[in-house]
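Everything in the sequence shown is counted per the numbering used here, starting at 2 for the first residue and increasing by one.
Glycine included, each C-beta is placed from N, C-alpha and C at the ideal position.
Computed from a predicted structure; not experimentally measured.
Everything below concerns the one structure shown next.
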Amino acid sequence: MRSTSRWADICALNKVKPAPLDEKTMYSLYVLATLAKSSQWCADFYDELYEEVKDRVARGIAAVPNERCRMMSDTQPPWSFLKIFRYLESFGAVSIGSLYTFALEGIWEDKPDGSWGGRSLPWEKGIEMNTRDQIVRLYADWNLSKPQWQHFFDPRLKTAMMLRIVKEWQVDGVMLHLNRGCEGLSMGIMENRQGIANAGVPIMTFEGNMGDEREFDEVRTQARVDAFMEQLGLRRQAA
């Protein structure tokens, strides 16, 4: 519980401008909870990371120093071509994360001010865990509250969560990876695209497969990014 709540807290710090973390870096960090969220070392690491990212926020240290545009992606990336995120940086664009990065392991709740943040731990709320039955029920409830599970029921749930991220993280544009390597997270993705576009948010798609680099066209994807950046009024600042 500590690991998954704290990871959500870390992701929430990216609401700040400029963003202290970029998504390419976050891919190296969220995976620790995927592999070892029940371990004390993982929870302790995330506590330490949270303090470090808070310090970056306090000192105005940006993941992308020339941040001019904030992007959001979706689903797993094309793992063999993560440099596409570095290509975005040449336009002054930073990917602040995604529902996938935030919520595959992060556990969230609505805060008193109406914003999204890491779910409060049971013992912080005075909830007792004295019996096995209490612990199992709390842990089941904890895991079932994971946003990444909820949207499997209806793509409109995912669209609503994505639009919430757009609003709270001050996102300027959305990049959807039409990922043929994960049918689960790609299910309903075109409905998500339509819902986001209907909300007036600039959006682009690109095709790929997280597990097969042969299904990713780097040149074509860069051309689509170029066109999307032009739509957002951005020009490359560096080669």
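| Check | Outcome |
| --- | --- |
| Where are the beta strand (DSSP E) runs, 3 residues long or more, that stay fully inside the stretch 42 to 99, in chain order? | 70 to 73, 94 to 96 |
| Any heavy atom of the ligand SAM closer than 6 angstroms to the CB of W124? | The ligand SAM is not among the ligands present in this structure, which contains no ligands whatsoever. |
| Which one or two residues does DSSP pair with E129 in a beta bridge? | DSSP lists no partner for E129. |
| Look up W109 in the DSSP assignment and give the residues it is bridged to. | G119 |
| So, is L83 buried or exposed, given that buried needs 16 or more other C-beta atoms within 10 angstroms? | exposed |
| Buried or exposed: T222, going by 16 or more other Cβ atoms within 10 Å of its Cβ? | buried |
| Relative to the C-alpha of M27, which residue among R225, G201, S99 is closest? | S99 |
| To the nearest angstrom, how far is the alpha carbon of P66 from that of L22? | 11 angstroms |
| Express the C-alpha separation of L105 and R138 in angstroms, rounding to a whole number. | 21 angstroms |
| Starting from the Cα of M211, find the closest Cα among N193, G185, E231 and give me that residue. | G185 |
| I197 and V175: beta carbons closer than 7 angstroms? | yes |
| Measure the beta-carbon distance from I85 to A20 and round it to whole angstroms, keeping in mind my assumption that it falls under 8 angstroms. | About 17 angstroms; that fails the 8 angstroms criterion. |
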